[in-house]
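Numbering (the working numbering), first residue to last: 1 to 194.
Backbone N, C-alpha and C fix where the C-beta goes; we use that ideal spot for every residue, glycine too.
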């Protein structure tokens, strides 16, 4: 009888650790983690965990770390570029960050954001609140005259230029102009719906 079981014989995890890693470095919990990651096939029989030596060999193949590609040889000194000063690099990085951050804000800026900012600065919350319900989720860059006409028809279904101007157009324009001033929307021509 041999001391080593067949490669396909199920063995308990504690025994598998001793046989497959005779010099240490692996534990029962390590095998369980590899099974949880999907790299080790484990069998559960009568509530006990078993593995085969063949499964451990497959796991080891899946765990091989490829060598990193070698780095290119350094360029000769004559090809080196003068690096910008720390201050220049810092200013350039800060400017790029501000530009990207601003673009990111602008890409996400909705009418609700613009209206909330206008309310913060004293605009009529009741009137802007009605607009937020109707067009709040629309990005400022996507808003067009059709949206404004549609919201006017919903909020003031009976019509009336003066009423539409007071309840829809002026509050809308206050939020819009603020967004334009803060460079979160482009200047556009808007017409008061009738």
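Rounded to a whole number of angstroms, what is the C-alpha to C-alpha distance between residue i and residue j?
i, j, result
"residue 43", "residue 23", "25 Å"
"residue 68", "residue 60", "19 Å"
"residue 112", "residue 153", "19 Å"
"residue 21", "residue 3", "15 Å"
"residue 19", "residue 34", "17 Å"
"residue 145", "residue 167", "16 Å"
"residue 228", "residue 48", "This structure gives no information on residue 228, because the portion of the chain shown stretches from 1 to 194."
"residue 189", "residue 150", "17 Å"
"residue 179", "residue 129", "17 Å"
"residue 134", "residue 91", "42 Å"
"residue 37", "residue 5", "26 Å"
"residue 143", "residue 177", "13 Å"
"residue 139", "residue 65", "46 Å"
"residue 120", "residue 185", "18 Å"
"residue 123", "residue 160", "22 Å"
"residue 125", "residue 158", "22 Å"
"residue 169", "residue 183", "21 Å"
Any idea which residues DSSP pairs residue i with across the strands?
i, result
"residue 51", "11"
"residue 27", "Answer is none; residue 27 lacks a bridge partner."
"residue 44", "49"
Near residue i, which residues of its chain fall below 6 Å by C-beta distance, leaving aside the five closest residues on each side in sequence?
i, result
"residue 271", "It is not possible to answer for residue 271, since the shown part of the chain is limited to 1 through 194."
"residue 70", "none"
"residue 164", "152, 156 and 193"
"residue 191", "none"
"residue 187", "180"
Under a three-way DSSP split, which group does residue i fall into?
i, result
"residue 37", "coil"
"residue 154", "helix"
"residue 187", "coil"
"residue 139", "strand"
Apart from the five residues on each side of it in sequence, which residues of its chain come closer than 7 Å, Cβ to Cβ, to residue i?
i, result
"residue 39", "59, 62 and 63"
"residue 172", "131 and 148"
"residue 127", "167 and 171"
"residue 17", "26, 27, 28 and 31"
"residue 14", "28"
"residue 107", "none"
Which residues in the same chain as residue i place their Cβ atom closer than 8 Å to its Cβ, once the five residues preceding and following it in sequence are excluded?
i, result
"residue 136", "110, 111, 112 and 115"
"residue 7", "52, 53, 54 and 57"
"residue 10", "43, 45, 50, 51 and 52"
"residue 12", "48, 49 and 50"
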